[in-house]
């Protein structure tokens with residue numbers, strides 16, 4: 295039996311994939327050893343195995359196709375992972391910095407490219423490469439806990455502006471170069487783009503919610519739905535005359551809230567992208583590098599000029615924005631570090647430009663030099679400035695991570711539906727929790743796992759992401775408190791029968807101990823027996839104190855979310871004392887007027903609540919308030935009415951709750 299050494303380049307599918315997957319495997323290892331950014335290392339490995347390196351694999355054919363898929367996937371994930379909440383919270387700063395960090399590189403980049411002899415369209419395309427930026431350095435700020443700083447949030451929000459604008463410039467320039475930039479093109483493109491954007495941003499989240507709630511309760515089906523959405527929107531973008539990567543990015547933005555970070559679905563998307571599709575695109579891009587061309591004087595000159603322009607333009611935009619916004623020097627440095635790196639959108643632009651014939655291979659190699667240098671400079675700057683930023687106290691969304699302890703199979707589905715309403719509203723995750731003692735027998739564990747499977751299905755049918763936890767701990771309250779810390783819970787939802795038979799206990803021994811140990815906003819839910827027709831929020835004078843502000847926010851948000859979950863039933867708010875600040879905050883959340891009633895809270899509940907109501911009582915987690923609520927409110931509420939006690943059990947920072955913070959987990963209250 296003779297053995298033949300395969301001829302190079304390889305043509306057998308098995309051998310090609312063996313080389314590609316081995317390259318993907320080795321690249322991160324080399325990156326750690328060489329202390330290079332992983333993006334740069336994968337591109338260099340692509341060069342090494344490509345036609346101008348060892349010649350193992352040709353770029354044309356399967357690698358080019360897979361690289362194209364990887365490019366779409368990269369832009370989709372970029373849209374999916376952008377923090378829209380940060381953008382909304384810092385929208386003025388983000389828009390200002392986004393416009394400036396796009397405009398300055400566009401002007402300087404176009405001027406420098408024209409000076410180097412490029413045609414106008416090519417110059418504009420190359421300038422758009424420096425106008426965008428990739429958040430390569432964001433993990434450096436995550437590691438030191440400064441990702442909540444205003445400069446970081448502003449830079450992340452600006453990415454939406456720069457990447458969207460750069461991709462639109464790319465689409466228009468490519469069409470103009472192909473001779474299709476006619477009045478008819480504009481008359482058809484603008485309405486088509488508006489229709490595509492509206493369909494994606496408005497229709498895709500609704501379609502995803504319906505699919506996840508009805509047909510897509512299985513995670514595999516949800517994952518396939520996301521892939522279909524990605525490639526359909528990308529294909530529609532191509533059909534209307536713009537680049538597919540614009541559609542892929544738009545699909546990611548549209549599904550941003552439907553796929554929560556930290557959920558199982560996002561983990562699958564990240565896994566497939568990080569382990570296969572995106573590295574394939576980077577390998578395919580690296581195969582465009584030609585050392586002989588790169589070392590030519592013209593290529594080096596262009597690369598050096600482009601690198602200088604990209605870094606100077608990004609620093610200028612960060613410095614000007616920082617001065618106007620009164621940011622500190624460290625914050626300006628952070629903005630530069632986050633916006634200086636060129637990778638994702640830049641690679642996308644040069645690949646498209648090469649494919650349509652707008653730029654040549656020499657220019658591609660020059661741009662590769664820019665990517666290499668900026669991806670080395672930006673992390674160095676981030677390492678210097680990230681630890682110097684102040685660490686702000688972060689106000690998290692209530693529905694970011696909702697922990698729901700499960701004990702009673704009869705009430706578990708209802709509690710999970712309540713938790714799912716918050717998680718779905720904030721793009722978060724429901725964490726059904728089962729706590730069992732050590733030495734639990736097999737029959738009990740089997741029953742717990744069956745309940746676990748059931749409640750996960752309930753959460754998924756409600757359109758929320760769920761990741762269940764089965765915990766063995768010394769006691770139920772210890773298991774809940776430990777899980778709150780480990781899962782970084784933003785909200786805890788527990789069932790409550792509406793009273794307690796134990797002498798000295800307020801809500802029951804387990805809930806009382808959880809209140810002492812887990813410092814996180816807590817909803818105690820007593821399930822009603824009738825169809826919900828109204829949400830009644832009852833406030834007392836404790837809401838007027840500085841400590842009452844977070845409790846008021848929690849109660850109003852609870853009423854808003856659960857009223858919407860019940861089909862948009864009306865909400866009424868009754869306050870004990872008139873206060874303009876409280877009235878204003880109520881209007882901000884619910885757009886309703888506060889009715890004032892000077893009687894005690896329990897009497898108001900007794901006289902005004904009906905069996906078809908959901909009564910929401912926000913309260914501060916101090917001894918007197920908790921005892922009053924436990925002893926009086928549950929007895930005052932009508933039989934059959936739903937009752938939610940919204941307990942602000944978080945630490946207070948600047949009058950706002952910071953969910954999920956816990957100073958220690960012990961046997962009693964901390965401090």
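In the numbering used here, the protein residues as written are 295 to 965. Using N, Cα and C, we set each Cβ at its ideal position, and we do this for glycine too. Since we're looking at a predicted model, the values are computed, not measured.
Proximity winner among 548, 578 and 520, relative to residue 561 (alpha-carbon distances)
520
Apart from the five residues just before and just after residue 390, which ones in its own chain have a Cβ nearer than 8 Å to its Cβ?
615, 618 and 619
Extract the residue ranges of the beta strand (DSSP E) inside the segment 796-860, only unbroken runs of 3 or more that lie entirely within it.
816-820 and 828-832
To the nearest angstrom, how far is it from the Cα of residue 625 to the Cα of residue 588?
36 Å
With a threshold of 8 Å, are at least 3 pairs of Cβ atoms found where one atom belongs to the segment 414-425 and the other to the segment 345-364?
no
Separation of residue 869 from residue 881, as counted between CA atoms
13 Å
Report the three-state DSSP secondary structure of residue 939 (helix, strand or coil).
strand
Buried or exposed: which applies to residue 953, given that a residue is buried once 16 or more other Cβ atoms fall within 10 Å of its Cβ?
Legend: pLDDT at residue 953 = 38, less than 50; position of this residue unreliable, value from coordinates given subsequently. Classification of residue 953: buried, given that the 10 Å Cβ count is 16 or more.
Expressed to the nearest angstrom, what Euclidean distance is found between the alpha-carbon atoms of residue 693 and residue 720?
5 Å
Going by other Cβ atoms of all chains shown within 10 Å of its Cβ, with 16 needed for buried, is residue 267 buried or exposed?
Because the chain spans 295 through 965 in this model, residue 267 falls outside it and cannot be assessed.
What residue ranges within the segment 874-929 form continuous beta strand (DSSP E) runs of no fewer than 3 residues, ordered along the chain?
888-890 and 907-914
If you run the structure through DSSP and keep just helix, strand and coil, what is residue 358?
helix
Restricting to runs no shorter than 4 residues, where is the alpha helix (DSSP H) found entirely within the segment 413-484?
414-425, 432-437 and 444-471
What number of angstroms, rounded off, separates the C-alpha of residue 671 from the C-alpha of residue 734?
55 Å
Taking DSSP as the reference, what is the three-state secondary structure of residue 955?
Residue placement at residue 955 cannot be trusted, given a pLDDT of 36 that sits under 50; the coordinates are not used to answer.
Residue 681 in three-state terms, based on DSSP
helix
DSSP three-state call for residue 581: helix, strand or coil?
coil
Are residue 937 and residue 914 closer than 8 Å when you measure CB to CB?
no
C-alpha distance - residue 852 paired with residue 599, whole-angstrom precision:
56 Å
When we look at the beta-carbon of residue 550 and count the other beta-carbons within 10 Å, is it buried (16 or more) or exposed?
buried
Spatial neighbours of residue 399 within its chain, please: C-beta separation below 8 Å, excluding the five flanking residues on both sides.
421, 424, 425, 603, 604, 607, 608 and 611
Here's the rule I'm using: 16 or more other beta-carbon atoms within 10 Å means buried, otherwise exposed. How should residue 757 be labelled?
buried
In the DSSP assignment, what are the bridge partners of residue 869?
890
Considering only their Cβ atoms, is the gap separating residue 329 from residue 387 smaller than 8 Å?
no
Selected residue, minimal CA-CA separation from residue 789, among 804, 397 and 893
804
Considering residue 728, what are the terminal residues of the beta strand (DSSP E) in which it resides?
723-730
From which residue to which residue does the beta strand (DSSP E) around residue 703 run?
Looking at the DSSP string, residue 703 is not in any beta strand (DSSP E), and its letter there is neither H nor E.
Take the Cβ of residue 303 as the centre, count every other Cβ of all protein chains shown within 10 Å, and call the residue buried at 16 or more, exposed below.
buried
Would you decide whether residue 539 is buried or exposed? Buried here means 16 or more other CB atoms lie within 10 Å of its CB.
buried
Considering only their Cβ atoms, is the gap separating residue 552 from residue 691 smaller than 8 Å?
no
Quick check: the segment 449-461 against the segment 636-643, are at least 3 beta-carbon pairs closer than 8 Å?
yes
On a Cα-Cα basis, can you pick out the residue from 634, 811 and 754 that is closest to residue 509?
754
Cutoff 6 Å; reference residue 378; Cβ partners in own chain excluding five residues on either side
550
Is there contact here, the segment 810-826 with the segment 697-710, by at least three beta-carbon pairs under 8 Å?
yes
Is residue 835 near the ligand MN - that is, is its Cβ less than 7 Å away from at least one heavy atom of it?
In the structure shown, the ligand MN is absent, as is every other ligand, since no ligand is present at all.
With three or more beta-carbon pairs closer than 8 Å as the criterion, would you say the segment 541-550 touches the segment 366-377?
yes
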